[in-house]
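Chemist: Encoded as structure tokens, here's the structure I'll be asking about.
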Amino acid sequence: MLTYLGTVISLLRDRQEFLTEIHQGVKLNHKITALLMSSSCCFAIYGGIIGAFHSPLQVLSSAIKLPALYLITLLVCLPALYILNVTFGAKQTLTQHFTYLLAAVAVIAMLLLGFAPVALFFLITVNDYQFFLLLNVVIFALTGIIGVSFLYQVMKPIDTDDLSQSVKVRTNILRFWLGLYGLVGSQLGWTLRPFFGTTGQFELFRPREGSFFAAVHTMLMNLLF
Amino acid sequence: MEANLQTLLISPQEREHLSGLEWDGLFLGGLFTGVYRPRLLRHPAPLLTFAATQLFVALLVFIIILPIGYLSVQHPSLTSGQAAIPQFLAVTLGLTLSLLILWHSLIWFRITRMKTLLNLLDEIDQYNQTIAAIDVLDQLARVSALPLANLDREQVLQALHLVRHSLICGLISERIFRENQALIARRQDLCDRIASNLATLQTFTLTEQTSEYTALLTTALTIGREVYEAMQNCQRAQKS
Chain A
1 MLTYLGTVIS LLRDRQEFLT EIHQGVKLNH KITALLMSSS CCFAIYGGII
51 GAFHSPLQVL SSAIKLPALY LITLLVCLPA LYILNVTFGA KQTLTQHFTY
101 LLAAVAVIAM LLLGFAPVAL FFLITVNDYQ FFLLLNVVIF ALTGIIGVSF
151 LYQVMKPIDT DDLSQSVKVR TNILRFWLGL YGLVGSQLGW TLRPFFGTTG
201 QFELFRPREG SFFAAVHTML MNLLF
Chain B
1001 MEANLQTLLI SPQEREHLSG LEWDGLFLGG LFTGVYRPRL LRHPAPLLTF
1051 AATQLFVALL VFIIILPIGY LSVQHPSLTS GQAAIPQFLA VTLGLTLSLL
1101 ILWHSLIWFR ITRMKTLLNL LDEIDQYNQT IAAIDVLDQL ARVSALPLAN
1151 LDREQVLQAL HLVRHSLICG LISERIFREN QALIARRQDL CDRIASNLAT
1201 LQTFTLTEQT SEYTALLTTA LTIGREVYEA MQNCQRAQKS
């Protein structure tokens, strides 16, 4: 267990070395296990905190749903990235792609864990659902942007040994894929809601209705008109 | 530890390099695609790690199959409130358990296929412990200023050198057997070398039969013999 923790700490402390090892395919299975373990635990802790706004049942539910949100989004989007990259000349294996993505997810998880005391503080001191929701939306957005920019830096192809045309295409693929990752993540988050739980009875899931984007559109229309 | 003892040790990196498999303390070849070492589970610390890992894998499987549980409670007859919980748990826990049983079956299948390697790793652990024991004896001798049984020590070191060579040959042969199922000319040569090392080991006699080194030499001989037997078994399995 401690060796897994050491692996995650090496990602935070010596990122370049960690990424070089992924590039060279060094101990990928160990890295995958360590990243999965650490990110799941961090997401579960943060999920538990946001669920604590409602009830103990919601704590359990959100502690499972939040890791599911990030990991399932990654699994859904991974084949598209891998196949597109390989089609346009990438030499990394599927396992290497998976490890890179997991590293980015682990960075998001660690950042969320860093914000956990702040969320806990406001959970204890403020009893306002809207404020707590807004605070967490800001935290999720901030950690998501940092995680995605990390992934962009890490996976951006460099034209040392590749044709520059292929590098350009793959950079565009990566940009497109990051957008796709955001869309899938948003919709999955909408599907798996509630994470916070409004006042009233505990709900495991809400009935399947519309999409995240339709809901945002409706909300904006209501705000503007 | 003295330099000559240090060079005798078989490090985890060397084991990984020779066997071609990632080494994770308890798991060999990765958590999801490899095997665990059943013999290590006799000790409390690895057993605890194993239990924690099982719990983690169960939770991870539960998380991954969450969408199936979600779909199972989308039926119009089910409300989205607490009534959906038993249905959701029955589906997700049932699937989680099934997948865990499948995973363990795969692990057991791999364990039976990698028995030789697992035995060799156990022998390497015992071999490294023997070297650590010699180091302890050296330290005790230095502190108590007792006369050193140099001849015995040298013989044990020579014996361990041969055992090391046998273990390395064993790891290389096992990897060749594992990665190349077809007959390979080199394997006979490697097995012959292991047999020759065992024969040399058996010629060692210690001057002081009651010395602590006698026990260590016996251990070295046992390891050498077991490596030889493991490789013989492996060869027989390949032929049949």
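Just so you know, the protein sequences line up as chains A and B, in that order. The numbering of the first sequence is this note's numbering, which starts it at 1 and goes up by one. The numbering of the second sequence is this note's numbering, which starts it at 1001 and goes up by one. Glycine residues also receive a C-beta, built at the ideal position from the N, C-alpha and C atoms. A quick note: this is a predicted structure, and the numbers were derived from the prediction, not measured.
1) If you drop the 5 nearest sequence neighbours on each side, which residues of the same chain put their C-beta closer than 8 Å to that of residue 53 of chain A?
2) Is it buried or exposed for residue 1108 of chain B, if we count other Cβ within 10 angstroms and need 16 for buried?
3) Could you tell me which whole alpha helix (DSSP H) segments of length 4 or greater appear in the region 1108–1157 of chain B?
4) Using only alpha-carbon positions, find the residue among B:1173, B:1003, B:1156 that is nearest to residue 1114 of chain B.
5) Between residue 184 of chain A and residue 42 of chain A, is the Cβ-Cβ spacing less than 7 Å?
6) Do you know how far the Cα of residue 1161 of chain B is from the Cα of residue 1006 of chain B?
7) Assuming residue 1221 of chain B and residue 1134 of chain B form a contact by the criterion Cβ under 8 Å, report the distance between their Cβ atoms to the nearest whole angstrom.
8) Anything in the region 24–49 of chain A with a Cβ closer than 7 Å to a Cβ of chain B? List those residues in chain order, please.
9) Report yes or no: do the region 96–106 of chain A and the region 1093–1112 of chain B share at least 3 C-beta pairs separated by less than 8 Å?
10) Can a CB atom of chain B be found closer than 7 Å to the CB of residue 103 of chain A?
11) Is it right to say residue 165 of chain A is buried, meaning 16 or more other beta carbons lie within 10 angstroms of its own, or is it exposed?
12) Exposed or buried, what is residue 1012 of chain B when buried is set at 16 or more other beta-carbons lying within 10 Å of its beta-carbon?
13) So which residues of chain A does residue 1051 of chain B contact, with C-beta pairs closer than 9 Å?
14) Does the distance from the CB of residue 1050 of chain B to the CB of residue 37 of chain A come in under 7 Å?
15) Cα-Cα, which of B:1166, B:1044, B:1031, B:1047 is closest to residue 1199 of chain B?
16) Below 9 Å between beta carbons is the criterion; list the residues of the region 1212–1232 of chain B that meet it against any residue of chain A, in chain order.
17) Which residue's Cα is closest to the Cα of residue 86 of chain A: A:111, A:171, A:6, A:219?
18) Please identify, using Cβ separations under 8 Å, the residues of the region 65–78 of chain A that lie next to chain B, in order along the chain.
19) Which term fits residue 97 of chain A, buried or exposed, when burial requires 16 or more other beta carbons within 10 angstroms of its beta carbon?
20) Are the beta-carbon atoms of residue 22 of chain A and residue 125 of chain A separated by less than 7 Å?
21) Which residues, in order along the region 1022–1036 of chain B, keep a beta-carbon less than 9 Å from a beta-carbon of chain A?
22) Can you list the residues of chain B that residue 225 of chain A reaches, using a CB-CB cut of under 8 Å?
23) Determine whether the Cβ of residue 1111 of chain B lies closer than 7 Å to any Cβ atom of chain A.
24) If you run the structure through DSSP and keep just helix, strand and coil, what is residue 128 of chain A?
25) Cα-Cα, which of A:174, A:168, A:64 is closest to residue 1058 of chain B?
26) DSSP state of residue 1035 of chain B, grouped into three classes?
27) Which chain E residues sit within Cβ distance under 9 Å of residue 1046 of chain B?
28) Residues of chain B with a CB under 9 Å from the CB of residue 198 of chain A: which are they?
29) Are the C-beta of residue 205 of chain A and some C-beta of chain B separated by less than 7 Å?
30) Considering residue 50 of chain A, what are the terminal residues of the alpha helix (DSSP H) in which it resides?
31) Going by C-alpha to C-alpha distance, which of B:1083, B:1032, B:1028, B:1043 sits closest to residue 1061 of chain B?
32) Reducing DSSP to helix, strand and coil, say where residue 123 of chain A ends up.
33) Please report how far the alpha carbon of residue 118 of chain A lies from the alpha carbon of residue 182 of chain A, in whole angstroms.
34) Taking residue 193 of chain A as the query, report the chain B residues whose CB atoms sit under 7 Å from its CB, ordered along the chain.
Modeler: On the basis of the coordinates in this document:
1) 123, 129, 132, 196, 197
2) exposed
3) 1115–1144
4) B:1173
5) no
6) 12 Å
7) The Cβ separation is near 15 Å, so there is no contact.
8) 27, 29, 30, 33, 36, 37, 40
9) no
10) no
11) exposed
12) exposed
13) Per Cβ cutoff of 9 Å: no residues; residue 1051 of chain B is ~11 Å from chain A at best.
14) no
15) B:1166
16) none
17) A:171
18) 65, 67, 68, 71, 72, 75
19) buried
20) no
21) 1022, 1023, 1024, 1025, 1027, 1029, 1030, 1031, 1032, 1033, 1034
22) Ordered by position in chain B, no residue passes the 8 Å Cβ test against residue 225 of chain A, which lies about 30 Å from the chain.
23) no
24) coil
25) A:64
26) strand
27) The question asks about chain E, but that chain is absent: this structure's protein chains are A and B.
28) Simply none; closest approach about 13 Å.
29) yes
30) 28–51
31) B:1032
32) helix
33) 25 Å
34) Correct list: empty, because the minimum Cβ distance to chain B is about 11 Å.
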